[in-house]
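One structure below.
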Amino acid sequence: MESVALSAPGGDLSIWALFWQAGWVVKLVMLGLLGASIWSWAIIIDKWISYARMRASLDRFEQVFWSGQSLEELYRSLSERKTTGMGAIFVAAMREWKKSFEKGARSPLGLQMRIDKAMDLALTREVERLEGRLGFLASVGSAGPFIGLFGTVVGIMTSFQSIAGSKSTNLAVVAPGIAEALLATAIGLIAAIPAVIAYNKLSSDANAIASRMEGFADEFSAILSRQIDERLSSPTRQQRAEEYA
């Protein structure tokens, strides 16, 4: 165990002074927690902005999709650029639709399954992108206090070793060393509390956005299913008409 001298009685108890007076293990714990906190806030801000943009994108797409515009025109406009959200699901379904009919699809069930699979894959990719890096917030929120507590335990053990060496139990001598150790727990809580709150909020937002995209995928699947039935049954009706003629 490292051996450090206790702070002088009545010494500087500012945060910076306590940090510089702490042992190297406690310093590493503090620096690690501060780095995790900074990265957590970067993720929180990035996700907050990206979720707001995604919701706006979903609103715009739904407005265009339900405006009555031709699906072919919408597909051509979206396939020429990178799409996200509902646009990506729509493009994936239309691409499979066009490929299947170009190759002469004859089975409505097989075509419907391929289209649903394409939309499921696109939806999975979008959800993974939405939830990316949220696991880091969960890790910081759950492990941050314990990491800070580890630094506190090491700091207190070191302080008591120094107290034993100085043979003094005066509170003015003991307090600075204890304060240095407890600072690690405080930093752990500072890192963990925002991470936990943000993780719960962002996870809820991601689930809400994913539910909107999943609902659109189900609605679009029903639309394509009706069109598949009409398109594949047209030759049959034509053949029957020719037979009765």
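With the first letter of the sequence shown counted as 1, position 67 gets the number 67 in UniProt numbering; the numbers rise by one all the way through. Glycine included, C-beta positions come from ideal geometry on N, C-alpha and C.
Could you spell out where the alpha helix (DSSP H) holding residue i opens and where it closes?
| i | result |
| --- | --- |
| Lys82 | Here Lys82 belongs to no alpha helix (DSSP H), and DSSP marks it neither H nor E. |
| Arg133 | Run containing Arg133: none; DSSP gives neither H nor E here. |
| Gly35 | Trp24 to Phe65 |
Take the Cβ of residue i as the centre, count every other Cβ of all protein chains shown within 10 Å, and call the residue buried at 16 or more, exposed below.
| i | result |
| --- | --- |
| Thr124 | exposed |
| Ala92 | buried |
| Gln63 | exposed |
| Leu121 | exposed |
| Ser211 | exposed |
| Ala183 | The sequence given here places Leu at residue 183; Ala does not occur at that position. Leu183 comes out buried. |
| Val154 | buried |
| Ile228 | buried |
| Gln69 | exposed |
| Ala56 | exposed |
| Leu224 | buried |
| Ala36 | buried |
| Ala118 | buried |
| Gly146 | Looking at the sequence provided, one finds Phe at residue 146 rather than Gly. By the 10 Å Cβ count, Phe146 comes out exposed. |
| Ala52 | exposed |
| Ser142 | exposed |
| Gly23 | buried |
| Ser162 | buried |
| Ser100 | buried |
Throw me the rounded Cβ distance for the residue i and residue j pair, which I believe falls under 8 Å.
| i | j | result |
| --- | --- | --- |
| Gly151 | Val25 | 7 Å |
| Arg133 | Ile43 | 5 Å |
| Glu180 | Leu34 | About 15 Å separates the two Cβ atoms, so there is no contact after all. |
| Gly177 | Ser159 | 3 Å |
| Ala192 | Gly144 | 3 Å |
| Ser40 | Ala164 | In fact, because the Cβ distance is near 38 Å, the residues do not count as touching under 8 Å. |
| Leu78 | Phe90 | 7 Å |
| Met94 | Tyr75 | 4 Å |
| Met213 | Glu126 | 6 Å |
Closer than 7 Å: is that where the CB of residue i sits relative to any heavy atom of the ligand FAD?
| i | result |
| --- | --- |
| Ala52 | Here there are no bound small molecules, and the ligand FAD is not part of this structure. |
Could you check whether the stretch 105-124 touches the stretch 194-202, counting it as contact only if at least three pairs of C-beta atoms, one from each stretch, sit closer than 8 Å? no
Check whether the stretch 16-35 and the stretch 185-195 are in contact - that is, three or more C-beta pairs closer than 8 Å. yes
Specify whether the stretch 125-142 and the stretch 43-52 touch according to this definition: at least 3 beta carbon pairs, one from each stretch, less than 8 Å apart. yes
Are three or more beta carbon pairs between the stretch 73-89 and the stretch 215-228 nearer than 8 Å? yes
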